[in-house]
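The structure appears right after this line, and notes come after that.
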Amino acid sequence: MANGKSLLFFIAFAAAQAVSDGDKTVALRWCVTSQPEKAWCVQLGQALRLHTRIQLNCVQLNGILDCIKAIKDKKADAVTLGSEDIYLAGRHPHKLTPIAGEYDGKNQQDHSSCSYAVSVAKTTTSFNLKSLRGKKSCHPGVGKTIGWDLPIGALLQLGFLKWSGPTEGRVEKAVSRFFSGSCAPGAKTMTALDQQSSNKLCSLCKGTGNHHCTTSTREPYFNLAGAFKCLADEVGQVAFVKHSTVLARTTELERRNYRLLCRDGNRARVSRYKTCNIAPVSPHAVVGRSGEKETKDAILTFLKQAQKLFGKDGEHKSEFRLFGDKRSQVNNPMFRDSTQALFRLPPLSDYHSYLGPKFVRALEHLSGKEKTGPLRWCCIGDAERQKCDAWDPSKRKLLCVGATSIESCIWKIKIKEADAMTLDGGYVYAAGKCGLVPVMSEYYNSGSYRAVAVVKKSNPGVSLRNLAGKKTCHTGVNRTAGWIIPVGRLVSSGDIGGCDVVGDAAAFFGSSCAPGAPKGSSLCQLCAGEAGQSVGTRRAHKCDGNANERYFGYTGAFRCLVEGGDVAFVKDKTVLENTDGANRASWAQNLRSSDFNLLCPDGSRAPVGRHSSCHLATVPGHAVVSRPAMKRAVRHFLEASQKDFGSSGKKIEIFSMFSSNGYKGRDLLFKDSTQCLIPVQSNGYRQFLGEKYVKVLDSLSACGPSELVETCEFDVCKVSKKYFNL
């Protein structure tokens, strides 16, 4: 109980310490689905107005789907949904996102309200999840999330149950063929299901007369308790229920008679449900439109103030009860009655991160066989997309998926909306934190390159020891040569301190172009954007973290130096690739490599060809990343592709993987200096990057992970206390 008291104290402390949002004028439209719920919502709005300037408007619609559509169409702002509705709301075309979850206080160790869908069998049996064909099954009801949708979806995903999609007929028919008999209440009344399939899905049910196989308590095997009774009575051989169903209906001694069936084919005691389950089921969550920061902030302000005033330990809970209000004429108005507190979610959360891969994959398979097809390459910006489209115009082997940032590409690969992309070391680190692995690395005479600082020879007053106040040019925030190495050095030396590395770097340098930095920051002041002649003026794509920003990447950072910066942080070959006629662009035509110097760590300078002895660090080459399960497929595709389109490929006159000539940019998809791609032999991102480089990255993220990594590492079934501070 100590942990529970600790959390409640933390919530109360956070509410007391938070800067009051009561002075903010906030207008919010909450969607409700009944007149009693609307009446309760109106009362909450009236209670809030006595203490805050929050205006809560209650929008009544006919059902959850209507609420989801209304929020998408900006006719409402928020609603609380269960897990399967969050899945529906998060997908195309609605694209809503969870903002805050409910905590019921039951699991005080993990501060979680997750439940777990499990498959249970008697200990006396020996079959596992892989050998369920021909067994007798017990379900709470057709269409129930925990007892039907998740287990049937998982059996499809794992390949144990075969169904090619709606063209083959209803999935219920495939299930009826898979099991030798079932009790799946509700199958009897499915008019679209043939009689033979319906009879088989109802064959184990015990209801009499008109109540047989119905979704009614007059059917003894209906619902979670009924499905478990079906197993306990030895009518069925496997039951699909919630983990708590088993625990609530057995003594500790009786639990020895049951085993959980795990996804990997093993069995486990019923107490091991966290590691042996069909899927975790996330708690109810408040959802809103994605990409609207102002609306999201308004929702969080409302939730924080409502909980502070009327929550379990609210300052004015005698006036109104936010959770479990016994005066309400409806159960679970706006929030579940069992809710003890609300917790916020990481900034980049979406339905996939909140529900988890097991849940999402299972439901995806219920709508049909998982799509297979060409490899999907993630591209950032228009220039990369143009080059990618030229790679395989037929789109038989490769499809190109567009994204606005490296972070969004990593996320797309994680959630299987894309399969691969090339990243520099800093982002290989972030991708590794998100579960991706390096597959092949770029080779340029070696598998590594050097990070260097470049200045104009005509500007002798700049050295690595007096960078404060200088105009700096970076390849991009969180990129290796252009950010991590130079900024990491400043953090190590104490020139930049604190936990806000980006903010502290902005204060340290005079003005900069660091694509991907917050718009409006001095780190974006030197950026040029897409069009226009003068530097620093507002234009499209200014400071974007992709090739749409003119000063993005190695060549972009060097151009920033040429056109007004004091120092550029790039790779060892950048100057040579853009001077002495190597780059025919108008801005580079008259540049000579002898007009530039490298800054050495000892405070001296050296010619640009002396990078072997004058550099900031030697770092691993860029790498193609993917999900572990796709590693072999991606490697095989790239090995075959570079035989045709690599540096000495048979069809290089048609397309060149390692050249950006003819496209608006440099180093598109791969670095232009790449000679070939070589397989990564190491196990995981840390071994690939090397411990020395990883330590630099660890130190830069010591105060807290990036928004991407935070979202990847967030576990809704084990919520940290900090998230309870709304």
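Residues -18 to -1, 1 to 708 in mature numbering (1 follows the signal peptide of the UniProt record, and there is no 0) are what the sequence shown lists, from first letter to last. Note that CB positions come from ideal geometry on N, CA and C, so glycine has one too. Note that the structure is predicted; figures quoted are calculated from it, not measured.
Rounded to the nearest angstrom, what separates residue i and residue j at their Cα positions?
{"i": "T105", "j": "R617", "result": "44 Å"}
{"i": "A413", "j": "A402", "result": "11 Å"}
{"i": "residue 752", "j": "T62", "result": "No information on residue 752 is available, as it lies outside the stretch -18 to 708 that the chain covers here."}
{"i": "V544", "j": "N441", "result": "12 Å"}
{"i": "S595", "j": "V436", "result": "14 Å"}
{"i": "R35", "j": "A58", "result": "19 Å"}
{"i": "C184", "j": "H194", "result": "8 Å"}
{"i": "E154", "j": "T173", "result": "12 Å"}
{"i": "F670", "j": "T457", "result": "22 Å"}
{"i": "A136", "j": "A344", "result": "5 Å"}
{"i": "N89", "j": "S97", "result": "10 Å"}
{"i": "Y426", "j": "L381", "result": "27 Å"}
{"i": "T171", "j": "T196", "result": "7 Å"}
{"i": "H593", "j": "K632", "result": "34 Å"}
{"i": "E673", "j": "Q139", "result": "37 Å"}
{"i": "A323", "j": "E84", "result": "6 Å"}
{"i": "A207", "j": "P167", "result": "13 Å"}
Confirm, please, whether the CB-CB distance from residue j to residue i is below 8 Å.
{"i": "R432", "j": "Y536", "result": "no"}
{"i": "R152", "j": "L175", "result": "yes"}
{"i": "P80", "j": "A267", "result": "yes"}
{"i": "K439", "j": "F619", "result": "no"}
{"i": "T561", "j": "L573", "result": "yes"}
{"i": "F222", "j": "H121", "result": "yes"}
{"i": "residue 732", "j": "G429", "result": "With the chain represented from -18 up to 708, any question about residue 732 goes unanswered, as that position is not in the structure."}
{"i": "S445", "j": "L598", "result": "no"}
{"i": "residue 754", "j": "F210", "result": "For the chain, the structure presents residues -18 to 708; residue 754 sits outside this window and is missing."}
{"i": "L213", "j": "V383", "result": "no"}
{"i": "K118", "j": "F161", "result": "yes"}
{"i": "F142", "j": "K182", "result": "no"}
Return the bridge partner residues of residue i from the DSSP annotation.
{"i": "residue 752", "result": "It is not possible to answer for residue 752, since the shown part of the chain is limited to -18 through 708."}
{"i": "F551", "result": "A435 and H456"}
{"i": "S423", "result": "A605 and I660"}
{"i": "F578", "result": "K438"}
{"i": "R249", "result": "L243"}
{"i": "M316", "result": "DSSP lists no partner for M316."}
{"i": "R237", "result": "For R237, which the question treats as bridged, DSSP gives no partner whatsoever."}
{"i": "A496", "result": "Note: A496 sits in no beta bridge, so no partner."}
{"i": "K674", "result": "None, per the DSSP bridge assignment."}
{"i": "C509", "result": "For C509, which the question treats as bridged, DSSP gives no partner whatsoever."}
{"i": "Y69", "result": "Per DSSP, none; premise fails for Y69."}
{"i": "L38", "result": "L10"}
{"i": "I395", "result": "Answer is none; I395 lacks a bridge partner."}
{"i": "K278", "result": "K278 pairs with nothing; no bridge assigned."}
Determine the burial state of residue i: buried for a count of at least 16 other Cβ atoms within 10 Å of its Cβ, exposed for fewer.
{"i": "Q311", "result": "exposed"}
{"i": "E236", "result": "exposed"}
{"i": "E366", "result": "buried"}
{"i": "I281", "result": "buried"}
{"i": "Q91", "result": "exposed"}
{"i": "S376", "result": "exposed"}
{"i": "P610", "result": "exposed"}
{"i": "K625", "result": "exposed"}
{"i": "I462", "result": "Reading the sequence as shown, one finds Thr at residue 462 and not Ile. Burial call: buried."}
{"i": "E66", "result": "buried"}
{"i": "G116", "result": "exposed"}
{"i": "S94", "result": "buried"}
{"i": "S583", "result": "The question names Ser, but residue 583 is Pro in the sequence shown. Exposed is the call here."}
{"i": "E531", "result": "buried"}
Run through DSSP, which three-state label would residue i get?
{"i": "W569", "result": "coil"}
{"i": "Y333", "result": "helix"}
{"i": "Y667", "result": "helix"}
{"i": "Q322", "result": "coil"}
{"i": "F222", "result": "strand"}
{"i": "A622", "result": "helix"}
{"i": "P18", "result": "helix"}
{"i": "L380", "result": "strand"}
{"i": "W130", "result": "helix"}
{"i": "Y645", "result": "coil"}
{"i": "M172", "result": "coil"}
{"i": "L(-11)", "result": "The predicted position of L(-11) is uncertain, since its pLDDT is 48 and thus under 50; no value can be drawn from it."}
{"i": "G514", "result": "Residue confidence for G514 is low, a pLDDT of 44 falling below 50, so the modelled location carries little weight; the figure read from the coordinates is stated next. If DSSP states are grouped into helix, strand and coil, G514 belongs with coil."}
{"i": "residue 710", "result": "There is no way to answer for residue 710, as the model of the chain reaches only from -18 to 708."}
{"i": "V124", "result": "coil"}
{"i": "P148", "result": "helix"}
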